[in-house]
Amino acid sequence: MSGGDSRLLGRLLDWLEERAGWSFLVDLGKKKQVPLHRHSLWYYLGGMTLFLFILQVVTGILLLLYYRASAEEAFESVQFIMTKVPFGWLIRSIHSWSANLLVFVLFVHMFSVFFMKAYRKPRELTWLSGMALLFLMLGFGFSGYLLPWNKLAFFATQVGTDMAGVLPVVGHFALRFLRGGEQVTGGTLTRFYGFHVAVLPALTTALLGLHLLLVQKHGMSVPPSIAAEHKPGGEAPKSMSFWPHFLLRDAIGWCAALGVLAALAALFPWELGEKADPFSPAPAGIRPEWYFAWMFQTLKYLPAHILGIEGELLGILGVGVAALVWVLVPFLDRSPAPGNRVSRLFTLAGWLALAFMAVMTVIVYLPQGH
Amino acid sequence: MRLLKLAPALVLIVLMSFITPSLRAEEPPAKPAGPLPNETSCFNCHSQLDGAALEPTKLAAEDIHFQKGLSCHDCHGGDPTAIDDMDASHNPKKGWIGKPDRLHIPEFCAKCHSDATFMKRFDPRARVDQLSEYRTSVHGQKNAKGDGEVAVCVDCHQVHGIRAISDPRSPVYPTNVAETCAHCHADPKKMDPYNVPTNQFTEYKTSVHFHAIQEEGDLAAPTCNDCHGSHGATPPGVESVTSVCGTCHPREATLFRETEAKKKMDLSPCIRCMVCHSNHAILSPNDEMLGVGKDSTCTGCHAEGDSGYAAAAKMAQSIEALKGSLAQATSLLDRAERAGMEVSEDRFALQKAKDGLVESRVLAHSFDLERFLAAANGGIAAANAGVAAAKKAFAELRYRRVGLGLSLLVILAVILALAMKVKELGARPPA
């Protein structure tokens, strides 16, 4: 950059500063400190999730330019994107792959926050907003899965919405609300499209704003084990400024993620499958997206009836109660004392939940007969 | 007050009028006149006898006539009420005719089966033309001339224990017909006097039709009576072969007749369909039948140098070219799909080539080279388009991989630059 150019840029920045006062953001970034310790790596997961979400928004908007949300045209429009639109295959494949990567990173982020006890006072609201964001992302995944209107998605949605119908009292209403009728039809597709591109993004924007604001307000949480090593009044834990040190490291991760996504999209473009046909029999090996697979497998293991109650209903209610306990964990595990018995119990429960989900997911993907 | 007293009776009447229709619906069917089939004098005695005299009572339970409420005396006459009195029950004055004469069995059965009024009591759609049909058959004609050896009703339908034709155990159920006919037609002792060959059943068992009906369970596939007729069984004449085969293969038959008419050809010496496809041993058609190769049926009539020979060679060549292009396109599209390319639209377009192949195979029956080549070339063009689409998919795949390589290099460069900046910043004390 020549001296003339840099002078011009400087003048432009000054002009903007006078009118927008944007430098407060840089100051904020410089002021914000990120603790440095042996678990600091987990701090990058939030930023990675945000990066993947932004990628979803950008690729999603591009797909919107060609996608047509009707049972007659949805499949054909995605086929058109994959074959005729320049780089359409890349955009759709990145959208699909990054959606999966996003959910994966989100789960890792959630478990890292859980095990580092970062949900404790005063970060209860950060945890709650994060959990709400996780459910919203699962909603994005569930609604987005149906949009290409292919056979597998059609029947997976049928099974998924059937599960909602099992719920007592509200089950039938929930099923009709999700499907827009008794059956999965073109009406369900337009409904899911509405959820996917309007309702969920609006809710996510609001919650994401709140979540980031809370993270900004409370700063990064230091795990109890690290905090115990630094007694009050003693040497403070090391830290680095958010800008530029942490953000540059974050950017390296984002670039790596982009590279991984590009490779996945180019080498394994996201399949389109066959167009959905409501009158054809359900294909063999039908299963939901991998992040719902553990729940699907659990329900399969349950007997038809347990103590006179329908097994599936009991399973869904059980998962619901477990999720509720998980969401409310900041209010159940409050003692700040390190090595507290209740705290250890929650950590153990976390590991058990993680192991259970992992094992169940692996079983689903094992070849038939195992 | 009087009205009040009458009220319970009125309520009862109303209730009864509601209940009555349902009670009526459950009433048992009216008992036929006379004793029940198994309560006749015939049953009473014959069920206590041995051997052939006992046999009818054992078979009666599965007999369609017996199930419909008819009994021994309805065919054989006599007095079914004369229990334990053989003379009275076998009294000719009571219509007793005993075992009917084999030669007159067709008329014997036709007494009921040609009586529309009687038959409609059991089945409103029952056919009553069996005897008149039978009289048109070789069996019927010989029978009329006094030949007592030819087939009559009981030879195919059995004597007692006659099952409904829809019963899979019936000898005239589609899967059993060939074997039933073969009882006589595969027996040289029975056929030699008539100078009729006995290899039909053996040949039929090698045919595509037998395979379809016996192994695939396709009851619509033809068995003996579908080509020869049931009661009017007769060998189809040369003129009617096309019509017989055309019953199930109408497109081929139409093309054949069109060409005959258009080219004023007389193909009767070729016995039409049979010359290429045979009669009883009709094998699954294959492309080797067309052309001038060793398995060709065309060379049976056409010799090198005539126009038919050249046309056959050209047809076979086109079929092979179409099959080759189709196989190549399918294989390449499969590979492209396995590599992750979206080729479903191209696969769908390839259906045109498959249709072209089917169409040209059918058009071979028109013996019209121009029509044949139009279909075959259309198929070849569609298959070639499939090959081109697959090659385009592979070119796109290479482009993507090169693009990926370049993108990864750029991304790697950015990562390295960022890492260097981080290292440079790391050397300075943290803020």
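Chains Y and Z, in that order, are what the protein sequence lines are. Residues in the first sequence are numbered consecutively from 1, following my numbering. Residues in the second sequence are numbered consecutively from 1001, following my numbering. Beta carbons: idealized from backbone N, C-alpha and C, even for Gly.
By the CB criterion at 8 angstroms, Y:T49 and Y:V105 fall inside the cutoff. Under the DSSP definition of a beta bridge, Y:K275 partners with Y:N150. Contact between Y:S98 and Y:L52 holds, since their C-beta atoms are separated by about 5 angstroms, short of 8 angstroms. Residue pairing for Y:I306: DSSP places it in a beta bridge opposite Y:I309. The C-alpha of Z:S1360 is placed about 5 angstroms away from the C-alpha of Z:A1375. In terms of beta-carbon proximity, Y:R249 lines the interface with chain Z, with at least one pair separated by less than 8 angstroms. Its Cα nearest to that of Y:D277, the residue Y:N150 stands out among Y:N150, Y:F140, Y:F115.
For Y:M240, there is no enclosing alpha helix (DSSP H); the enclosing beta strand (DSSP E) has its first and last residue at 239 to 241. The stretch 1340 to 1350 of chain Z and the stretch 1296 to 1316 of chain Z do not touch, with fewer than 3 CB-CB distances between them shorter than 8 angstroms. Beyond the five residues adjoining it in sequence on each side, Y:D250 comes within less than 7 angstroms, by CB distance, of Y44, G47 in the same chain, given in chain order.
In this structure, the straight-line span from the alpha carbon of Y:S70 to that of Y:R92 is close to 18 angstroms.
Between the C-alpha atoms of Z:L1416 and Y:R19 there is a straight-line separation of about 36 angstroms. Contact of Y:Q216 with chain Z is not assigned, every C-beta pair being separated by 8 angstroms or more. For Y:P35, the three-state secondary structure derived from DSSP is strand.
Interface criterion not met: the Cβ of Z:K1423 is under 8 angstroms from no Cβ in chain Y. A straight-line Cα-Cα distance of about 24 angstroms links Z:L1409 and Y:N100. Comparing C-alpha distances from Z:L1357 to each of Z:F1348, Z:S1318, Z:A1395 shows the shortest one belongs to Z:S1318. Runs of the alpha helix (DSSP H) lying entirely within the stretch 58 to 109 of chain Y, each at least 4 residues long, are 74 to 83 in chain order. Interface flag for Z:E1304 against chain Y is unset, since no Cβ pair is found closer than 8 angstroms.
Of the candidates Z:F1043, Z:E1424, Z:S1166, the residue whose Cα lies closest to the Cα of Y:P244 is Z:E1424. Contact annotation: in the stretch 1390 to 1415 of chain Z, residues whose CB is within less than 8 angstroms of a CB in chain Y are R1400, R1401, G1403, L1404, S1407, L1408, I1411, L1412, V1414, I1415. The straight-line gap separating the alpha-carbon atoms of Z:L1373 and Z:E1320 is approximately 12 angstroms. Along the stretch 1342 to 1363 of chain Z, the positions whose C-beta sits under 9 angstroms from a C-beta of chain Y are E1342, V1343, S1344, E1345, D1346, read in chain order.
Y:P168 and Y:L313 have their C-alpha atoms some 8 angstroms from each other.
Bounds of the alpha helix (DSSP H) holding Z:I1105 are 1105 to 1113. With a threshold of 8 angstroms between beta carbons, Z:G1386 makes no contact with chain Y. Within the stretch 268 to 283 of chain Y, the residues whose Cβ lies closer than 7 angstroms to any Cβ of chain Z are, in chain order, F268, P269, L272.
With respect to the 8 angstroms criterion, Y:I94 and Y:T59 are classified as neighbours on the basis of their beta carbons. Taking a C-beta distance under 8 angstroms as the contact criterion, Y:A156 and Y:I286 qualify as a contact pair.
Pairing Z:L1397 with Z:M1315 gives a Cβ-Cβ distance that is not under 8 angstroms.
Residues of chain Z whose Cβ lies closer than 9 angstroms to the Cβ of Y:I91 do not exist, since the nearest Cβ in that chain is about 13 angstroms away. Not a single CB atom of chain Z sits nearer than 8 angstroms to the CB of Y:H230.
When DSSP states are grouped into helix, strand and coil, Y:T190 belongs to the helix group. Against chain Y, the CB of Z:L1418 has a partner CB under 8 angstroms away; the residue lies at that interface. The continuous alpha helix (DSSP H) containing Y:T361 extends over residues 341 to 365.
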